[in-house]
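Under the working numbering, the letters of the sequence shown match residues 160 to 285, in that order. No residue lacks a Cβ here, since even glycine has one placed at the ideal position from N, Cα and C. In this text the structure is predicted, and so the values were computed from the model without any measurement. Reviewing the structure listed below.
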Amino acid sequence: MKTFKLVGLSVVYDDLHQQEIPFIDGLIINKEDGQNRWLIETYLDKEYESIFSELQKRNDEFRLQVTITNRSNDPANMLATVRSITRMNDHISVLMDGLLIRSKTDLAEVVLAGLVKKGLQGEALL
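Right, dumping it as structure tokens:
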């Protein structure tokens with residue numbers, strides 16, 4: 160496994176709306192499992208707990224953009240789930256599992272597969 164410094168984090172709600180999440184510290188670990196799985200941990204102010212609690216409650220994958228090592232790097236798209244939220248006084252630590260999506264085509268295919276899995280078809284997919 161390889162560990163990298165996390166320097167940027169955004170939750171993507173749809174193609175038009177995303178929320179940058181400021182954090183104090185973070186790291187991202189490549190599981191090197193051949194399936195592009197990563198572990199993401201962020202240490203942030205408690206005010207963001209409701210966002211991650213809601214995502215955890217939904218128990219469904221959500222889109223995440225992460226920037227690794229240097230802010231000048233392009234953000235990577237991921238599908239993630241919240242594994243745990245740990246309270247630490249006025250801060251929280253959020254642990255997430257993520258699947259790295261290498262290209263926009265891959266992302267579109269993954270999102271479409273998820274919608275079909277939920278039972279959407281025909282016009283409902285638009």
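At a Cβ-Cβ threshold of 8 Å, residue 257 and residue 239 count as neighbours.
Around the Cβ of residue 222, a 10 Å sphere holds 16 or more other Cβ atoms; the residue is buried. Of the candidates 202, 281, 218 and 213, the residue whose Cα lies closest to the Cα of residue 248 is 202. Cα atoms of residue 283 and residue 274: separation of roughly 9 Å, rounded to the nearest angstrom.
Rounded to whole angstroms, the gap between the alpha carbons of residue 191 and residue 199 is 14 Å. With respect to the C-alpha of residue 163, the residue from 210, 278, 237 and 227 having the closest C-alpha is 227.
For the pair residue 169 and residue 183, the CB atoms are not nearer than the 8 Å cut-off.
Taking a C-beta distance under 8 Å as the contact criterion, residue 244 and residue 224 do not qualify as a contact pair. It is roughly 31 Å from the alpha-carbon of residue 186 to the alpha-carbon of residue 276.
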